[in-house]
Amino acid sequence: MSALPPIPIPARRRRNAFFTERFPFIVFALGVFGAAVLWNQSASAPTLVAEAEIVRSDVRAVQSGTLVSLDVALLQPVTAGQVIGRVRMASPEVTAASLGLIRAEIELLRANLEPVLPAQRVALDAAQLQLDWMRERVTLASLRVQVQQAEADLTRLTPLHAQNLVSAQVFENTKSQRANFAAQLVEQEKLVSTLAPDADRFAAQNTETTPRSPADTLTAALKVEDEKLRLTEAQLGPVTLTAPISGFVLLVHRRAGEMVATGEPIVTVAATESARLVGFLRQPLPINPKTGAKVEVRTRSLARATGTATVLETGRALEPVSPTLLALVNRSGSPELGLRVHLSIPPEFKLSPGEQVDVLIRD
64 MSALPPIPIP ARRRRNAFFT ERFPFIVFAL GVFGAAVLWN QSASAPTLVA
114 EAEIVRSDVR AVQSGTLVSL DVALLQPVTA GQVIGRVRMA SPEVTAASLG
164 LIRAEIELLR ANLEPVLPAQ RVALDAAQLQ LDWMRERVTL ASLRVQVQQA
214 EADLTRLTPL HAQNLVSAQV FENTKSQRAN FAAQLVEQEK LVSTLAPDAD
264 RFAAQNTETT PRSPADTLTA ALKVEDEKLR LTEAQLGPVT LTAPISGFVL
314 LVHRRAGEMV ATGEPIVTVA ATESARLVGF LRQPLPINPK TGAKVEVRTR
364 SLARATGTAT VLETGRALEP VSPTLLALVN RSGSPELGLR VHLSIPPEFK
414 LSPGEQVDVL IRD
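Take a look at the structure:
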């Protein structure tokens, strides 16, 4: 008896058997694989949360006075060096009283003026040389301070200019100002060196103590009155307030007509772009990122984007976590220490200052 041939199974029945017996397992396997990929790439827990750094700069009053005018409003765009207001340091009544006092003292000196004897006039001329030398030395010291301040300003603005946070005009003006002060310093040093021999020779010839002549007393008194007058003249005009950086007005602390104290902030200016991301690793530290390491950054917007950033710098000590970041990881609001990490911003990202992102460190 020969073997019977197998009964052929219709294609329709084979298809139904595949969809009922094997297809569910294939769909399940693909679903598990897809979930694993999505979890690994998009839904995995971030190592830390960072935010685009907000660059703020306060415009402060250098001396107490009255805010005469405020030329900007909240959220108004400003450029570095733009005039935003003026502060009058002294009231008109106080200034008028100071000028009246100086005028009265000068008239008193004029009334007490007596003819200077010829011998005293020679001494007065010699003393005038000594006073000129001292005055030039004071000017030299003042120029040295100005050069130091200009160099400090140039050092501070150089990295800001490299990051386009300061306009090229402000940067070039600072460089020109520093070069101008340096040139004045060189010329002033030459002048002081020229006057020094004659002044030293006069001092050596007049070491003995002599009574102060009326001319010497008058010269000193006039010098005091001149300094008082200069101080009052400086207080006449209002102090101009300028924006230190380009951006927009974030906060307005004082209005026109209000009194301001020395060092009190009047306006806060914030930059419109961020140069880096700032995040904190919470304790216990899961990893110690190295400078130059590559990390994954994911935005929190509706259209989630993923990019690669570089670790720019890592803190050497733990410090308080930023309050805006602390609110995301610590619901109690209690202070917490973390390790500061600075990251670059992926070039394809368009982040607003303060916008938060998730950072995943895989290494």
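First residue of the sequence shown? That's 64 in the numbering used here, and the numbers climb one at a time after it. Ideal placement from N, C-alpha and C gives every residue a C-beta, glycine not left out.
Exercise. Rounded to a whole number of angstroms, what is the C-alpha to C-alpha distance between P109 and I408?
Worked result: Answer to the nearest angstrom: the Cα atoms are 17 Å apart.
For this session: For the alpha helix (DSSP H) holding A92, just list the boundary residues, first then last.
Result: Run containing A92: F86 to L101, per the alpha helix (DSSP H) assignment.
For this session: Decide if D134 is buried, meaning its Cβ has at least 16 other Cβ atoms within 10 Å, or exposed.
Result: With fewer than 16 other Cβ atoms from the protein chains shown falling within 10 Å of its own Cβ, D134 counts as exposed.
Exercise. To the nearest whole angstrom, what separates the beta carbons of S132 and G144, a pair I think is in contact under 8 Å?
Worked result: No, S132 and G144 are not in contact; Cβ-Cβ is about 17 Å, not under 8 Å.
For this session: Let me know if I329 comes out buried or exposed under the rule of 16 or more other beta-carbons within 10 Å of its beta-carbon.
Result: Around the beta carbon of I329, 16 or more other beta carbons lie within 10 angstroms, which makes this residue buried.
Exercise. Buried or exposed: which applies to S337, given that a residue is buried once 16 or more other Cβ atoms fall within 10 Å of its Cβ?
Worked result: Result: buried.
Problem set entry | Assigned secondary structure, S120 (DSSP; H/G/I helix, E/B strand, else coil) | Assigned with DSSP and collapsed to three states, S120 falls in strand.
Exercise. Among A372, G310, V312 and V302, which residue has its Cα nearest to the Cα of V323?
Worked result: Closest by alpha carbon: V302.
Exercise. If you check the beta carbons only, do A113 and L340 fall under 8 Å apart?
Worked result: Closer than 8 Å, so yes.
Exercise. Do V150 and T305 have their C-beta atoms within less than 8 Å of each other?
Worked result: In this structure, T305 does not lie closer than 8 Å to V150 by Cβ.
For this session: Following the continuous beta strand (DSSP E) through A334, name the residue where it begins and the one where it ends.
Result: Careful: A334 lies outside any beta strand (DSSP E) and carries neither H nor E.
Exercise. Based on Cα-Cα distance, which residue from N227, I308, L217 and T218 lies nearest to D121?
Worked result: Of the listed residues, the one whose Cα sits closest to D121 is I308.
Exercise. Who are the near neighbours of E271 in its chain, counting only those whose CB is closer than 6 Å to its CB and skipping five residues on each side?
Worked result: Residue confidence is low: E271 scores 47 on pLDDT, short of 50, so the model does not pin down where it sits. No coordinate-derived value is stated.
For this session: Please name the residue in G370, Q247, F91 and S415 whose C-alpha comes closest to that of E199.
Result: Residue Q247 is the option with its Cα nearest to E199.
Problem set entry | Unbroken stretches of the alpha helix (DSSP H), 4 residues or longer, contained in the region 224–264 | If we require 4 residues or more, the region 224–264 turns out to have no alpha helix (DSSP H) run fully inside it.
Exercise. If you run the structure through DSSP and keep just helix, strand and coil, what is E359?
Worked result: The answer is strand: DSSP assigns E359 an E or B state.
Exercise. Helix, strand or coil: which one does DSSP assign to D216?
Worked result: D216 falls in the helix class under three-state DSSP.
Problem set entry | 7 Å Cβ shell around T142 - same chain, five flanking residues per side excluded | Within the same chain, S230, A306 and S309 come within 7 Å of T142 by CB-CB distance, once the 5 residues on both sides are set aside.
For this session: Per DSSP, which residues does V112 bridge with? Please list them.
Result: Looking at the DSSP assignment, V112 forms a beta bridge with D421.
Exercise. For H405, which residues does DSSP report across the bridge?
Worked result: Paired residues: V341 and E376.
Exercise. Could you check where the beta strand (DSSP E) with R76 kicks off and where it finishes?
Worked result: No beta strand (DSSP E) contains R76, which is instead part of the alpha helix (DSSP H) from A74 to A80.
For this session: In angstroms with no decimal places, state the Cα-to-Cα distance between H405 and F234.
Result: Spanning the alpha carbons of H405 and F234 requires a straight line of approximately 26 Å.
Problem set entry | Status (buried if at least 16 other CB within 10 Å, exposed otherwise) for F86 | Result: exposed.
Exercise. Expressed to the nearest angstrom, what Euclidean distance is found between the alpha-carbon atoms of P73 and A66?
Worked result: Approximately 21 Å between the Cα atoms of the pair.
For this session: May I ask you to report which of helix, strand or coil DSSP gives P222?
Result: Helix.
Exercise. To the nearest whole angstrom, what separates the beta carbons of L206 and F244, a pair I think is in contact under 8 Å?
Worked result: Their Cβ separation, rounded to whole angstroms, is 6 Å, which keeps L206 and F244 in contact under 8 Å.
Problem set entry | Whether L381 touches L402 by CB criterion (8 Å) | Yes, Cβ-Cβ distance for L381 and L402 is below 8 Å.
Problem set entry | For L365, the three-state DSSP class (helix, strand or coil) | DSSP places L365 in coil when its eight states are reduced to three.
For this session: May I ask which residues mark the beginning and end of the beta strand (DSSP E) holding R149?
Result: For R149, the enclosing beta strand (DSSP E) stretches over residues V146 to R151.
Exercise. Hey, out of V95, G370, W102 and R123, whose CA is closest to V420's CA?
Worked result: Closest in alpha carbon position to V420, among V95, G370, W102 and R123, is G370.
Exercise. Short check: CB of Q232 to CB of A213, under 8 Å?
Worked result: Against a cut-off of 8 Å, the Cβ pair of A213 and Q232 comes out as no contact.
Exercise. According to the neighbour-count rule (16 or more other Cβ atoms, all chains shown, within 10 Å of its Cβ), is T237 buried or exposed?
Worked result: T237 should be labelled buried.
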